RNA sequence: GCCCGGGUAGCUCAGUUGGCAGAGCAGCGCACUCGUAAUGCGCAGGUCAGGAGUUCGAAUCUCCUCUCGGGCUCCA
């Protein structure tokens, strides 16, 4: 529960203004009011502008406009709009709420087609009793009037007057569509942020700057981990030696964990004939997400967008006994998906991705136990990386689906039960399931708060039917197994991106390509430094050495910028006493005189435990 | 895919009204041999994303393509 705090703003104007709002709700009101003032400013500067909607969002607000004659905002326009907004704030106009009936509303907003559409929706909702997200149902609507005659259709509430906006800033302009659909007119969206004090605004802007520094795309370049060669194509990454080493360590972790948890490795090719994807339903329901077919020997081959159909074929290769179930097939499977050019985003959304994929075939009565143990596996995996700030979502049957709605119901309830018995908070996302199954998704936030789906588990009753899967039960009869799709990382690439941002590039020691750099103080300490590198290598660790061609301070700085977890300095005293000076990442004062065997044992133990910083 | 904004050395960025393409860092060479976040000097580095056009002359203006960023939609 959010703490109820005294209002930083003062009172708010509207029916909900009963003083019970949380701080976040107050900020929502402040931001929504700022959006109104922005709309007012835009109306002054571009008379004839059509207003769409202007809600508050996390940390800010936006407003969608259709400018007269299809004009577009430019970056410089934001300065103008801000200036006008400041004027309106100075004028301290009151926000006056007024309830009017539908007929009156249609007259007031006669020249505002988007508002009219909303009013129509309210009217219809009033008739049907249907709930609408953006408006209260009913036979009347509310509007807010400001001093100079600006009127906006709005549910409210608002701050009492325009003077109650202590600090705001417009951030960027973007394109959008009316009601988010490409079929509708395109609009101009302006994003901004507003806070109850200048200090909080500055803090927020500073946070945004800091977040930019941990953007995985930027770290990827700075740390020489990966890049996207245009010659290969959009959304297709190459991993450089250091980046690939990190990736390998992640994948090794995944393999080890799966083998220890009762999964069986499989391997499947990257392409298959259309026959396979026709049976699985992919060509019917997912074709727009696939690379186009390749003609070969009279067949059409597709790159696989998912691993499931191939895993199904492994199951189906022979008759299965109930004794084999649950059968957990696991593969780091690389799949290819056509993602629209505008949605690609570094490693977080690519066109070639490797899933830590498993398909579990089980008897119906094994399902609850299996789902519970998958959830546990997911949580344990996230905990290993210190990822605590996640959100679970239960996604239900989408509009485009295969199978019987009754099966969907059964599968959805099984997932819900798993969440409830694990005591995990979740939200329901109606209609967001895969075309073949409902799912539980786990979402993680990146550096700037964008949410990305990572782990998912899906209960699939369709694929077993489509492929006629069977097993022989205790009763010597044929039965159909259930099938669960699940990933823990989601895709290695996306998880990699999330981890880079989570750790701001300072990966836990066990995920670092190089564990320590040994720095000889003078050239004549190099032999001793190399001895330590060799000793570490014999213990399975990866150390390197940089010759004393530059001052020690410069080499220390370089190693720090490379975010190496350990810098080991060796000089006269160390050669004498067989010790090293330990400079640990994130600390300022080095520890002198640590035995060379001791530091190697320390680092080794850290790696063996998958330790996070400070553990 | 759609809207907006970008693309100049490996990286970060200057580049005036159209008039000889620059800096810092990184790289390479030489000197320095140093105890915990930048030693000095020198060298090299470019089809100004690509193509077409306007012009005596284009990094600069126009058009097209590619690509990146912010959104919309979509999703691991």
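Residue numbers (this note's numbering): 14 to 628. Glycine included, every Cβ here is placed at the ideal spot set by N, Cα and C. Note that the coordinates shown come from a computational prediction; the quantities given were computed from them, not determined experimentally.
Item	Value
heavy atom of the ligand SAM below 6 Å from residue 259 C-beta	No copy of the ligand SAM occurs in the structure displayed, which carries no ligand at all.
Cβ shell of residue 420 (< 8 Å), same chain only, five flanking positions each side left out	474 and 475
Inter-residue CB distance, residue 639 and residue 494 (contact presumed, cutoff 8 Å)	Absent from the structure is residue 639, since the part of the chain shown begins at 14 and ends at 628.
Three-state class that DSSP yields for residue 297 in the structure shown	helix
Check whether residue 53 and residue 163 have beta carbons under 7 Å apart	yes
Same chain, Cβ closer than 7 Å to residue 72, five either side skipped, listed in chain order	206 and 217
Check whether residue 47 and residue 181 have beta carbons under 7 Å apart	yes
Nearest-angstrom beta carbon gap, residue 359 and residue 510 [assumed within contact, 8 Å]	6 Å
Residue from 314, 107, 200 and 220 whose Cα sits closest to the Cα of residue 177	107
Closest Cα partner of residue 279 within the set 337, 370 and 400	370
Cα-Cα separation between residue 184 and residue 203, rounded to whole angstroms	7 Å
DSSP-derived helix/strand/coil call for residue 365	strand
Nearest candidate by alpha-carbon position, reference residue 310, set 303, 355, 330 and 286	286
Local Cβ density within 10 Å of residue 520, reported as buried at 16 or more and exposed below that	buried
C-beta atoms of residue 502 and residue 457 nearer than 7 Å	no
Buried or exposed by the 16-neighbour rule on C-beta atoms within 10 Å, applied to residue 136	buried
DSSP-derived helix/strand/coil call for residue 172	coil
DSSP state of residue 321 mapped onto helix, strand, coil	helix
Unbroken beta strand (DSSP E) run spanning residue 79, endpoints	73-79
As assigned by DSSP and simplified to three states, the class of residue 534	coil
With 16 other Cβ atoms within 10 Å as the buried cut-off, status of residue 303	buried
Beta-carbon spacing of residue 650, residue 232 below 7 Å	With the chain represented from 14 up to 628, any question about residue 650 goes unanswered, as that position is not in the structure.
Own chain partners of residue 5 with C-beta closer than 7 Å, once the 5 adjacent residues on each side are dropped	Residue coverage of the chain in this structure runs from 14 to 628, which leaves residue 5 outside it and unanswerable.
Which of helix, strand or coil DSSP assigns to residue 578	coil
Distance, residue 128 Cα to residue 571 Cα	58 Å
Extent of the continuous beta strand (DSSP E) to which residue 342 belongs	340-349
Where the beta strand (DSSP E) containing residue 177 begins and where it ends	Taken as a continuous stretch (DSSP letters only), residue 177 belongs to no beta strand (DSSP E), as it is neither H nor E.
Sequence-distant residues of its chain with Cβ nearer than 6 Å to residue 536 (five each side left out)	561
Residue 434: first and last residue of the uninterrupted alpha helix (DSSP H) it sits in	418-435
Residue 517 versus 576, 496, 478 and 555, residue with shortest Cα-Cα distance	576
Supposed close pair residue 453, residue 407 - CB separation, criterion 8 Å	6 Å
Inter-residue Cα distance where the pair is residue 601 and residue 626	15 Å
Collapsed DSSP secondary structure at residue 205 in the structure displayed	strand
Closest residue to residue 36 among 209, 527, 483 and 103 (Cα-Cα distance)	209
Supposed contact pair residue 484 and residue 329 - C-beta distance, whole angstroms, cut 8 Å	Not a contact, Cβ separation roughly 11 Å.
Under the three-state DSSP convention, the category residue 601 falls into	coil
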